[in-house]
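S.K.:
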Amino acid sequence: MNDEEAVLRCQDGDREAFRHLVESYEDVLYGTAYLMTGNTALAEEHVQEAFLSAWRGIRGFRTGRPVKPWLVRILVNTVMTQRRRQSVPVDPLNVAAAHSGAGDPAELAESIESGQRVRQAISALSFEHNTVVTLRFFAGLTVPQVAHALGRREGTIKSRLHRALQHLRRELEELGPGNGDSDE
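Quick look at the structure:
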């Protein structure tokens with residue numbers, strides 16, 4: 058079953074068809090939520106809430122449009138609503154370690170260190186810049202899809218993405234090749 062068939066069946070109340078959408082997009086939504094919040098429990102909560110909202114709103118979804126940007130927009134709105142309700146600190150946990158499989162210990166250590174540095178640099182970005190980078194590069198959305206997900210113009214997204222990447226480069230240069238700890 059493809060996404061369009063699943064949406065049509067969902068619009069007729071088929072919960073099993075919705076399972077197709079959940080299974081297809083739960084990983085990208087979780088990863089996006091995690092990168093936006095830095096907290097595994099919050100990420101899981103936001104994804105669950107986003108899917109509940111999607112189920113409630115599936116009848117209004119226009120078939121023929123891509124499902125992924127629609128779901129990501131729901132997720133982003135969920136995260137942003139929660140951020141407005143309460144200020145939640147970002148916990149710069151190690152994304153690389155959480156998603157790494159078994160392998161060479163030296164490569165794993167290097168991957169973990171690199172992931173920590175990137176996560177630390179991303180956490181230094183403003184929420185808006187963090188969100189744009191996360192949606193573009195983790196969620197794999199195109200610039201027009203990011204613009205749609207955030208309800209912004211493409212030019213605004215391109216500008217934010219450009220500034221965010223400049224800031225990210227500066228942060229990574231300041232962190233240097235190590236893990237960002239001060240000299241001891």
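When you read off a place in the sequence shown, starting at 1, and then add 57, the result is the number in the working numbering.
Backbone N, C-alpha and C fix where the C-beta goes; we use that ideal spot for every residue, glycine too.
(1) Can you tell me whether ARG193 is buried or exposed, with buried defined as 16 or more other CB within 10 angstroms of its CB?
(2) Exposed or buried, what is PHE184 when buried is set at 16 or more other beta-carbons lying within 10 Å of its beta-carbon?
(3) At a cut of 8 Å, does the stretch 195–205 reach the stretch 116–126 through at least three beta carbon pairs?
(4) Hey, how far is the Cα of PRO201 from the Cα of GLU211?
(5) Would you give the residue range spanned by the alpha helix (DSSP H) that ARG66 belongs to?
(6) Whole angstroms is fine: what's the gap from THR213's alpha carbon to LEU222's?
(7) May I ask you to report which of helix, strand or coil DSSP gives GLU231?
(8) What does the alpha-carbon distance come out to for the pair ASN134 and HIS186?
(9) How many angstroms separate the CA atom of PHE75 from the CA atom of GLU228?
(10) Expressed to the nearest angstrom, what Euclidean distance is found between the alpha-carbon atoms of GLN139 and LEU132?
(11) Hey, THR89 and THR199 are a contact pair by Cβ (cut 8 Å); roughly how many whole angstroms apart?
(12) When burial is assigned at 16 or more other CB atoms within 10 Å of the CB, is ARG72 buried or exposed?
(13) So LEU225 and LEU182 are supposed to be a Cβ contact under 8 Å. How far apart are they, rounded?
M.R.: With the structure as the only source:
(1) buried
(2) exposed
(3) Taking 8 Å as the limit for Cβ pairs, the verdict is that the stretch 116–126 does touch the stretch 195–205.
(4) Spanning the two alpha carbons is a distance of roughly 6 Å.
(5) 60–68
(6) 14 Å
(7) helix
(8) 15 Å
(9) Rounded to whole angstroms, the separation of the alpha carbons of GLU228 and PHE75 is 41 Å.
(10) 11 Å
(11) In fact, because the Cβ distance is near 15 Å, the residues do not count as touching under 8 Å.
(12) exposed
(13) 7 Å
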